[in-house]
Structure formats: C-alpha cells, structure tokens
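Read the structure below first, then the notes.
Residue numbers (the UniProt record's numbering): 1 to 372.
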C-alpha cells in the first residue's frame, strides 16, 4: 500500500465492518472516557484489565490480552491543542468518527515511538511502525490494532482553529510507515512537551509549549510522506507561511513583505495565497503576537515585566500598538487585562499571585478523553 492512506477515507455507506472487523467490534460501550481535569494541569489516566478496555470501548484478540491490558495516558491541553503520550499493551479499538471526543471537527497526528499498530478502513490497512505515523480525520471511522506493547504520542487539533484553518482545511489522511527522521523528531518533541507540562508551570511557559506543538505540526505537514499523493502546491505553501509566522512572530520587523522575501516569493503571490482564507497574512501575524502577549500578561512570574518590554518581546514593537490590539480583542487595556487575570478570587480559591483559571477551550475541563 502507498505511504498515503487517503484510501482509508470512508464513504458514509461503507463502514469497515465489511472487512472482517465485526468480531472485533466491542459490546456497546462509551467510546471515550470521562475524566476530571483542568485546563492548566496535565492529566494522567491509568486503565487495567477488561474493565479498563470497556471504559473506552476497546477490546483485544485473546482473553489473555484482555485480562492483561494496561494503558497509561498523560495528556496536556494547551488551549485548542491536546498533546498526549501513551503506553499500552495489545488492543483493538474501532474509532467511531466522533472527532476523538471533541465537539468540533478535528484531526490527529499520531506518531509511534516504539512498537507498531495497524490502521484499517474500507477494506484496506496500513502498518505504522517505530518512527512512523499518520494524520487522521476525527470524523472518519477506522480500526486501530496492536498485537504487542506500543509507546506513542498524538496531537489533536480542531480544523476550525484560527491558527490552523489554512493548513488543515481539506488536508488528506496521510501515513508515514516507519523510520521517518521528521516523525522521530516530532514524536520526541511531543513527548517532551507532555513531560514538561507540570503543575505550577507558568502561563508564559505553557504558551511557549503550545507554540512549539503548533510549529512541530506545521513542520510535519510540510513534509508529506514519500510515494503518496502530493499535497496541493497552495496548501504546502500556506503551511510554510504559517510555520514561518509561528516561529518568527516576535520579530517586530516581520510583516507580509518580509515573510514573502524570506520565503522567496513576491508579496503579491503571498497575498493571492491567502485570498480565500479567513485571515490575511498580516492578521495571522497579529494573532500570533496577541496570543503571546496575553500569555505574558497573565503570567504571575512576569508581574514586574513592563508593558513596553512585553510589547517588544512579542513583536508589537510599541506599547501603543499592543494596547490597540489587546483592547480590540478583549475590550480591556493591557493593564486591565493583567490586573483581571492576576487578581485574587476567593470564590475560585485563587490566592494572591496566582492566575485566575482561563475559560476552558473546547474539549477542556470535565470532558471526554479519547485515549487511542
């Protein structure tokens, strides 16, 4: 089978049960696991045995595999992104096309750190081994199977997320079979992001982890699997631009003209590239700077950092410009936003010098976890 797994995309009237998977379909059971977690704390889930399998609708080929099942999942929610590190024994899970338990359409970048698993749909299968991975549509049904121990990471992201819309709209399912250098590096980065997302980490640090995860995803999308169907030139070019903005937005000189020059294209070509998008290049740059600035303003460890310094550090270049953008987005001045985010709130149990919890993004708070 080709490296690209676009063949795994299913039509609505052809579920994978016509490919011999009926016996693996578990008894009716929730496909996702409900767990308590908060947006700013990494959550860890441990499941064992047949009851653990049933908790998320999984099964296994043999009774011994079911009884000996083990899963450890550590998951970090970084605004619209979810990064997870998992280790599990032999398992079979029929993913129901529920967007991995999220309320909106999303995609998943799955990377194998050790072991192997098979993805099957529409009568076709592809085996993903160490150093391989897949980009999967959350709204499409497929079967995930492993016959031994697996260590893996995955990143879930909403397709409608502002920073990713132009990179993820119409992106096909993809598969890298094994030993891909980019996937090896991306997997290590995701694992480290989860490991470093510890209790007490500052909002600025979590924002940087989110930016890192975003940059890693865009880098992977810019490196499609060999032998597959090439991504359209326009989408590949957009991914390059968004990746560049994600890593360079803190440069105050970054603007559409410099982006075009640094990527070897004309400004007019760059503008045409985003002509049908929800955001222009300039708006993408401003959005990246705004997100960075709000994270610094909400960080209690940086309460003594001047607003001028924050404006400079996030690429706005001047306090006046940052003030206009922050006020437009939040209705507050930078000073008011900082005061509100850092103010004590007895009702929420937030003491002086600690940040008020942000409103959970989609899929955060008490919600559904899709372990595999």
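Virtual Cβ for every residue (Gly too), placed ideally from N, Cα, C.
Query: Continuous alpha helix (DSSP H) stretch holding residue 286: start and end; Result: 281–297
Query: Boundaries (first-last residue) of the alpha helix (DSSP H) holding residue 322; Result: 319–330
Query: Burial state of residue 203 (16 or more Cβ within 10 Å); Result: buried
Query: Every unbroken beta strand (DSSP E) inside the region 58–92 [3 residues or more]; Result: 70–78, 81–88
Query: Local conformation of residue 27 per DSSP, three classes; Result: Only weak support is given to the placement of residue 27: the predicted model assigns it a pLDDT of 41, under 50, and the value that follows is read from those uncertain coordinates. In the structure shown, residue 27 sits in coil (DSSP, three-state: anything other than H, G, I, E or B).
Query: Reduced DSSP category for residue 106 - H, G, I as helix; E, B as strand; rest coil; Result: strand
Query: Reference residue 383, options 107, 320, 152, closest by Cα; Result: Given a span of 1 to 372 for the chain in the structure shown, any question on residue 383 remains unanswerable.
Query: Beta-carbon contacts of residue 319 that lie in its chain and below 7 Å, excluding the five residues immediately before and after; Result: 307, 308, 311
Query: Sequence-distant residues of its chain with Cβ nearer than 7 Å to residue 371 (five each side left out); Result: 33, 45, 56, 71, 73, 86
Query: Residues of its chain near residue 245, where Cβ-Cβ distance is below 8 Å and the 5 sequence neighbours each way are ignored; Result: 254, 259, 281, 284, 285, 288
Query: Cβ pair residue 115, residue 151 closer than 8 Å; Result: yes
Query: According to DSSP, residues forming a beta bridge with residue 142; Result: 95
Query: C-beta contact flag for residue 91 and residue 193 at 8 Å; Result: no
Query: Own chain, CB closer than 6 Å to residue 28, minus 5 neighbours either side, in chain order; Result: Annotation note: pLDDT 40 at residue 28 (below 50); position unreliable, coordinate value reported separately. So no residue of the chain qualifies.
Query: Residues sharing a beta bridge with residue 112, DSSP; Result: 152
Query: Simplified DSSP assignment, three categories, for residue 158; Result: strand
Query: Counted within 10 angstroms of its Cβ, other Cβ atoms place residue 304 as buried (16 or more) or exposed; Result: exposed
Query: For residue 257 and residue 239, believed in contact at Cβ under 8 Å, the rounded distance; Result: At roughly 20 Å, the Cβ-Cβ gap does not stay under 8 Å, so residue 239 and residue 257 are not in contact.
Query: Closest Cα partner of residue 160 within the set 316, 335, 295, 278; Result: 278
Query: Bounding residues of the beta strand (DSSP E) (the contiguous stretch that carries residue 217); Result: Looking at the DSSP string, residue 217 is not in any beta strand (DSSP E); the run it does join, the alpha helix (DSSP H), is 203–221.
Query: Span of the alpha helix (DSSP H), counted from its first residue to its last, around residue 307; Result: 307–313
Query: DSSP three-state assignment for residue 46, whether helix, strand or coil; Result: strand
Query: Sheet register partners of residue 134 (DSSP bridge); Result: 110, 175
Query: Classification of residue 275 by the beta-carbon crowding that lies within 10 angstroms, buried from 16 upward; Result: exposed
Query: Backbone CA spacing between residue 337 and residue 325 [nearest angstrom]; Result: 12 Å
Query: Exposure of residue 149, with buried meaning 16 or more beta-carbon neighbours within 10 Å; Result: exposed
Query: C-alpha distance - residue 117 paired with residue 317, whole-angstrom precision; Result: 48 Å
Query: C-alpha gap between residue 241 and residue 263, whole angstroms; Result: 8 Å
Query: As assigned by DSSP and simplified to three states, the class of residue 127; Result: strand
Query: Beta-carbon proximity list for residue 78, same chain, < 7 Å, skipping 5 on both sides; Result: 206, 209, 210, 213
Query: Same chain, Cβ closer than 7 Å to residue 234, neighbours up to 5 away in sequence not counted; Result: 273
Query: Beta-carbon spacing of residue 89, residue 135 below 8 Å; Result: no
Query: Integer-rounded CB distance, given that residue 109 should sit under 8 Å from residue 168; Result: Between residue 109 and residue 168 the Cβ distance is about 10 Å, and since that is not below 8 Å, they are no contact.
Query: With 16 other Cβ atoms within 10 Å as the buried cut-off, status of residue 269; Result: exposed
Query: Contact under 8 Å by Cβ, residue 76 with residue 197; Result: yes
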